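> Residue 195 in UniProt numbering is what sits at position 195 of the sequence shown, and the numbering runs on without skipping anything. Here it is, the structure, as structure tokens.
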Amino acid sequence: MGSQSSVTDRFGSEADMLAPLAYKAAQLLPGAEVMFEVPCTAGIPDVVLLDLDHGAVAARAGKAPLMGSVDVRILLALQVRSGQPLSTPELADAAMVSAAHLRRGVLPRLVDGGHLEAVGDRWQATYTWRSLARKIVTVEAKLRDWRRGLAQASRHTAVADEAWLVLDAHTSQAARSHSDWFEAYDVGLASLSVAGDLTALRSPRVNRARQPDRELLVERAVSLHLQGCVSGPVPRVFGEVLLASTGDDPRLRGAAAGSTRPAAGSPRH
């Protein structure tokens with residue numbers, strides 16, 4: 001009986017935590033779009049919760065998403081100047097790249113995407129910048145290694161308004177006894193049971209993420225959403241795709257082009 005309990009009262013893999021996490025996402029961010037594996041400047045969070053600003057998305061209709069950090073920095077620099085045109089060297093300073101790099105590919109890409117237009121030898125945005133998300137939250141899921149999970153989640157505070165670590169409830173006690181660590185890094189802590197109960201143990205303050213990094217994560221998440229995808233490419237670990245061992249893997253319900261297939265012998269659902 002004890003052996004049976006030990007098998008069924010905990011998750012078999014971190015991928016198994018994703019579906020119940022997605023189901024209970026409203027507890028962390030009501031009304032959120034739930035995304036997975038969205039690359040950002042702080043790694044690839046397991047889960048990204050996105051509170052879309054539908055008005056901002058509609059206002060940007062027909063324009064290609066901003067998929068690069070330099071692109072985002074340029075639009076933010078123009079916003080700071082209240083729409084006043086900037087020269088290529090001024091944009092290069094704001095984006096922290098060379099003017100030659102901008103001329104080679106970035107500026108033409110932004111013009112083709114409908115974001116920029118030339119005004120003489122200067123550049124101006126074609127619209128007033130608005131973030132496409134009112135709030136963005138990252139979640140890292142871990143079976144038991146709370147120190148590693150905290151390290152990963154703490155990096156995400158640079159790109160998200162809130163960063164959470166969610167642990168298997170069966171192994172969460174050690175992290176609970178180190179709540180001061182989570183306070184120091186301002187990372188939220190929650191536990192998730194195999195029955196699907198999500199319990200917030202410590203809520204983070206709303207973080208002031210670095211704006212270019214936050215907006216890049218928002219843009220990439222929105223890009224996936226507009227394509228009808230819920231996940232970026234599912235990564236390989238030691239050559240294999242680690243999918244959920246039981247039930248559906250929500251990442252495969254709509255993964256972006258380039259997603260990998262399960263390796264031979266990996267679970268399929």
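Just so you know, even glycine gets a beta-carbon here, dropped at the ideal spot from N, CA and C. Predicted model, so just to flag it, every value in this text is computed and none were measured.
Please check the pair L91 and A77, which I expect to be a contact at CB under 8 Å, by giving their CB distance rounded to whole angstroms.
About 6 Å; that satisfies the 8 Å criterion.
> Check for me: the alpha helix (DSSP H) holding A190 runs from which residue to which?
First-last for A190: 188-192, but that is the beta strand (DSSP E), not the alpha helix (DSSP H).
> Output the residue ranges of the beta strand (DSSP E) runs that lie fully inside the region 23-104 and measure 3 residues or longer, sorted by chain position.
List check, beta strand (DSSP E) in window: 33-36, 47-52.
> According to DSSP, which residues form a beta bridge with S223?
DSSP output for S223 lists no bridge partner at all.
> Along the chain, where does the alpha helix (DSSP H) that runs through R155 open and close?
Segment 146-156, the alpha helix (DSSP H) holding R155.
> Counting pairs of beta carbons, one from the region 171-186 and one from the region 117-126, are three or more of them closer than 8 Å?
Taking 8 Å as the limit for Cβ pairs, the verdict is that the region 117-126 does not touch the region 171-186.
> Which residues bound the alpha helix (DSSP H) around W129?
First-last for W129: undefined, no H or E at that position.
> Using the three-state DSSP reduction, which class does T246 fall into: helix, strand or coil?
Coil.
> From G46 to D197, what distance separates their C-alpha atoms?
Here residue 46 turns out to be Asp, not Gly, going by the sequence shown. Rounded to the nearest angstrom, the two C-alpha atoms are 19 Å apart.
> Helix, strand or coil for A141 per DSSP?
Reduced to three states, the DSSP call for A141 is strand.
> Is the beta carbon of V159 less than 8 Å from the beta carbon of D71?
Not in contact: V159 and D71 (Cβ atoms no closer than 8 Å).
> If the criterion is Cβ atoms closer than 8 Å, does the pair K63 and G113 meet it?
Taking 8 Å as the Cβ cut-off, K63 and G113 qualify as a contacting pair.
> Measure the C-alpha to C-alpha separation of R202 and P233 and round it to an integer number of angstroms.
Between R202 and P233, the C-alpha separation is close to 31 Å.
> Identify which residue in V206, Q211, L224 has its Cα closest to the Cα of L28.
Cα-wise, what sits closest to L28 is V206.
> What is the DSSP secondary structure of H269, reduced to helix, strand or coil?
Note on H269: pLDDT 31, under 50, position unreliable in the model; the coordinate value appears next. If DSSP states are grouped into helix, strand and coil, H269 belongs with coil.
> If I measure Cβ to Cβ from L150 and keep anything under 8 Å in the same chain, skipping five residues before and after, which residues do I get?
Correct list, in chain order: L165, A175, W181, F182, Y185, V187.
> Roughly how many angstroms separate the alpha carbons of A26 and D145, rounded to a whole number?
In a straight line, the C-alpha of A26 is about 25 Å away from that of D145.
> How many angstroms separate the CA atom of S172 from the CA atom of T138?
When rounded, the distance between both Cα atoms is 19 Å.
> With contact counted as at least three CB pairs below 8 Å, one residue from each stretch, are the region 73-87 and the region 224-231 in contact?
Output reads no: the region 224-231 does not touch the region 73-87.
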